[in-house]
Amino acid sequence: MRGGNVLLNCSAESDRGVPVIKWKKDGIHLALGMDERKQQLPNGSLLIQNILHSRHHKPDEGLYQCEASLGDAGSIVSRTARVAVAETNIKILPRRSSSLSEAGWKMYPTALECSHNSILG
Numbered sequence: 001m002r003g004g005n006v007l008l009n010c011s012a013e014s015d016r017g018v019p020v021i022k023w024k025k026d027g028i029h030l031a032l033g034m035d036e037r038k039q040q041l042p043n044g045s046l047l048i049q050n051i052l053h054s055r056h057h058k059p060d061e062g063l064y065q066c067e068a069s070l071g072d073a074g075s076i077v078s079r080t081a082r083v084a085v086a087e088t089n090i091k092i093l094p095r096r097s098s099s100l101s102e103a104g105w106k107m108y109p110t111a112l113e114c115s116h117n118s119i120l121g
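Numbered per the UniProt record's numbering, the sequence shown spans residues 1 to 121.
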């Protein structure tokens, strides 16, 4: 959800040494130093803090993969994790009709409409 955090786990082991883990978003390696909200944890997981999302700006949504490499042994890429930001919409809809209370107050009934859209991948 917008403003929340996302944790994408990644772990790799080898009997030849400690693999180097890097992250990709939409097929491109992430430059983690360029965005302070995104950080790779010591265990290799990717933490995205304070998710950004607006109608025309969705920089955190996308397809993420971790890549573990070990020198000359090559590299392996994880399956894809899709990050989609859930949207919550709340609308207060006034009704056109009104009624008069016993105390003489004019009352306008309203309806509260809530919806939650989420895409899981």
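The beta carbon of each residue, even a glycine, is placed where N, CA and C say it ideally should be.
Residue j beta carbon less than 7 Å from that of residue i
i   : j   : result
N9  : S45 : yes
I76 : A86 : no
L52 : D60 : yes
Q65 : S54 : no
G62 : D26 : yes
S11 : L70 : no
Counterpart residues of residue i in DSSP-defined beta bridges
i   : result
A68 : I21 and I76
I48 : V6 and K38
Opening and closing residue of the beta strand (DSSP E) in which residue i lies
i   : result
V6  : V6 to L8
A81 : A81 to V83
Three-state secondary structure (DSSP) of residue i
i           : result
residue 123 : For the chain, the structure presents residues 1 to 121; residue 123 sits outside this window and is missing.
Anticipated Cβ contact below 8 Å, residue i with residue j, distance rounded
i   : j   : result
K22 : H29 : 6 Å
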